[in-house]
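Report on the structure given below.
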Amino acid sequence: MELATHLMHRAVDGRRYALPISRLCISIIAKEKKETFLEALLNTCRQWYQERDKVLGPLMNIKNPARPRFTAFMAFLTEMFCQLKRRQLQLRTECDGVPPPMVLLTVLGKCCEDCVKPPVRSLSEIECLFFVLTCIGRDLEMHLPQQLETLLAEVR
1 MELATHLMHR AVDGRRYALP ISRLCISIIA KEKKETFLEA LLNTCRQWYQ ERDKVLGPLM
61 NIKNPARPRF TAFMAFLTEM FCQLKRRQLQ LRTECDGVPP PMVLLTVLGK CCEDCVKPPV
121 RSLSEIECLF FVLTCIGRDL EMHLPQQLET LLAEVR
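Under full-length UniProt numbering, the first residue of the sequence shown carries the number 1, and numbering increases by one thereafter.
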């Protein structure tokens with residue numbers, strides 16, 4: 001769905017867009033009946049993570065390996081996860097039998113692992129990692145303990 005892709009493009013333009021765009025997405029999800037937007041959004045999130053170097057990679061400035069689009073992506077996923085969890089919408093959609101918040105949590109966990117893989121690219125990624133883990137750490141511990149253990153091992 002084009003709307004999901006368009007909103008994702010805007011969300012990764014900067015971290016400041018994460019909260020307003022996640023709220024807009026949640027309001028669309030809450031009002032739709034067939035959950036096609038939600039499905040398109042989840043598929044886009046997973047696809048962009050898979051293609052992160054191409055879609056969310058560093059800008060053309062080779063001197064600075066920071067990935068501002070990647071950190072904005074992580075901030076957006078975090079806000080979406082928190083909004084879905086907070087609203088506790090009665091969603092029928094599942095991706096491969098997994099509920100939407102768990103899809104986002106899994107992708108976020110993988111993003112966190114990517115942030116700590118050597119070489120550490122930038123301070124902004126570490127700050128984003130700290131923010132994300134502050135928000136979702138308990139959920140990772142409860143629902144995906146193995147992924148959290150892997151992440152903590154990589155941090156050490």
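Glycine included, every Cβ here is placed at the ideal spot set by N, Cα and C.
Review point. Do you know whose CA, among Lys-110, Gln-47, Glu-51, Val-155, lies nearest Thr-78's CA?
Key: Lys-110
Practice item. For the alpha helix (DSSP H) holding Glu-149, just list the boundary residues, first then last. Key: 145-155
Check your understanding: So the alpha helix (DSSP H) Leu-22 belongs to, where does it begin and stop?
Key -> Position check: residue 22 holds Ser in this sequence, whereas Leu was assumed. Segment 18-31, the alpha helix (DSSP H) holding Ser-22.
**Study point:** Distance CB(Thr-71)-CB(Cys-128) smaller than 8 Å
**Key:** yes
Check your understanding: Between the C-alpha atoms of Ser-124 and Phe-131, what's the straight-line distance to the nearest angstrom?
Key -> 10 Å
**Study point:** Inter-residue Cα distance where the pair is Gln-147 and Leu-3
**Key:** 31 Å
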